[in-house]
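Student: For the protein sequence lines, the chains are D and X, in the order given.
Following the working numbering, the numbering of the first sequence begins with 1034 at its first residue and continues without gaps.
Following the working numbering, the numbering of the second sequence begins with 9 at its first residue and continues without gaps.
Dropping a structure here in structure tokens format, bear with me for questions.
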Amino acid sequence: DAGVIQSPRHEVTEMGQEVTLRCKPISGHNSLFWYRQTMMRGLELLIYFNNNVPIDDSGMPEDRFSAKMPNASFSTLKIQPSEPRDSAVYFCASSLAGEGGFTDTQYFGPGTRLTVL
Amino acid sequence: QKEVEQDPGPLSVPEGAIVSLNCTYSNSAFQYFMWYRQYSRKGPELLMYTYSSGNKEDGRFTAQVDKSSKYISLFIRDSQPSDSATYLCAMSTTDSWGKLQFGAGTQVVVTP
């Protein structure tokens, strides 16, 4: 299994530009999570999907952030317009959720290191 | 105040020593407790998972949960330089649909 795949691995952009991060979850997993990690705030959950439906987006910092999951094998996180304070490592994770709602192990991708100048 | 508190370290120990890590939390609804390990420039990976209170052992790793004190621990016996990483505790409630609350992570350095 290839694991969770994220692209790009590194992104450097200028303030005001649109940034799109991509994630391919592990095949067969039905839950997908987007996290942001910074030194100051640690690892924060931004949004998660179950069966392609957004369940909780309360962690999305503001309207500049949006996420989609058009099908079970692909998700995007978009920042428009980007700002220097968005600089962070963005992780995507996937898992297989049971019917009880609790998800099994979350498998993390390698992350996208975003720098906004 | 954060729901989950974890000392960021760094914690430096000599090879072969026992590494002791801990987290405290404030939300009494947390029922699932996890420890993740994150190597530099990698994504976190699950090490240990415990439901409710008690101990769990897996090789050199032991996880403990004390719900009455809202305190969880991870012990690494016979530490190796390859154990050098950041260790993050995480927890969730039974109805949170996998919404994990992470600690800040403790950086551990095991010196040969």
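Glycine included, C-beta positions come from ideal geometry on N, C-alpha and C.
Just to check my reading of the structure: D/V1149 and D/P1117 have Cβ atoms closer than 8 Å, yes? What is that Cβ distance to the nearest angstrom?
Tutor: Indexing the first sequence from 1 puts residue 1149 of chain D at position 116. Indexing the first sequence from 1 puts residue 1117 of chain D at position 84. Yes, they are in contact, since the Cβ atoms of D/V1149 and D/P1117 sit about 5 Å apart, within 8 Å.
Student: So, at 6 Å on beta carbons, what are the nonlocal neighbours of D/R1055 in its own chain, with the 5 sequence-adjacent residues on each side left out?
Tutor: As a first step, residue 1055 of chain D must be located in the first sequence, where it is residue number 22. Only S1040 and T1109 meet the Cβ criterion.
Student: With a cut-off of 8 Å, do at least 3 Cβ pairs link the region 1096-1107 of chain D to the region 18-28 of chain X?
Tutor: Too few Cβ pairs lie closer than 8 Å, so no.
Student: To the nearest angstrom, how far is it from the Cα of D/P1114 to the Cα of D/A1100?
Tutor: Position 81 of the first sequence, counting from 1, holds the residue named residue 1114 of chain D. Position 67 of the first sequence, counting from 1, holds the residue named residue 1100 of chain D. One C-alpha to the other measures close to 14 Å.
Student: With H, G and I counted as helix, E and B as strand and the rest as coil, what does DSSP make of D/R1097?
Tutor: As a position in the first sequence, residue 1097 of chain D is number 64, starting the count at 1. In this structure, D/R1097 counts as coil in the three-state DSSP scheme.
Student: Which residue's Cα is closest to the Cα of X/T102: X/S76, X/Y40, X/S77 and X/Y79?
Tutor: As a working mapping, residue 102 of chain X is identified with position 94 in the second sequence. The shortest Cα separation from X/T102 among X/S76, X/Y40, X/S77 and X/Y79 belongs to X/Y40.
Student: Nearest CA to the CA of D/L1147: which residue from D/D1096, D/M1048 and D/G1036?
Tutor: Numbered from its first residue, the first sequence carries residue 1147 of chain D at position 114. The option with the nearest alpha carbon to D/L1147 is D/M1048.
Student: When you compare each of X/F38, X/E11 and X/M56 to X/S104 by their alpha carbons, which one comes out closest?
Tutor: For the purposes of this step, residue 104 of chain X is taken as the residue at position 96 of the second sequence. Among X/F38, X/E11 and X/M56, the Cα nearest to that of X/S104 is on X/F38.
Student: Take the Cβ of X/P52 as the centre, count every other Cβ of all protein chains shown within 10 Å, and call the residue buried at 16 or more, exposed below.
Tutor: Here the question's residue 52 of chain X lines up with position 44 in the second sequence. Buried, by the Cβ-count rule.
Student: Using a Cβ-Cβ cut-off of less than 9 Å, list which residues of the region 51-62 of chain X approach chain D; keep chain order.
Tutor: G51, P52, E53, L54 and Y57
Student: For D/A1130 versus D/Y1068, is the C-beta distance shorter than 8 Å?
Tutor: For this step, residue 1130 of chain D is matched to residue 97 along the first sequence. For this step, residue 1068 of chain D is matched to residue 35 along the first sequence. No. Outside cutoff.
Student: Tell me whether the beta-carbon of X/G67 lies closer than 8 Å to the beta-carbon of X/T94.
Tutor: Walking along the second sequence from the start, residue 67 of chain X turns up at place 59. Walking along the second sequence from the start, residue 94 of chain X turns up at place 86. Going by C-beta atoms, X/G67 is not nearer than 8 Å to X/T94.
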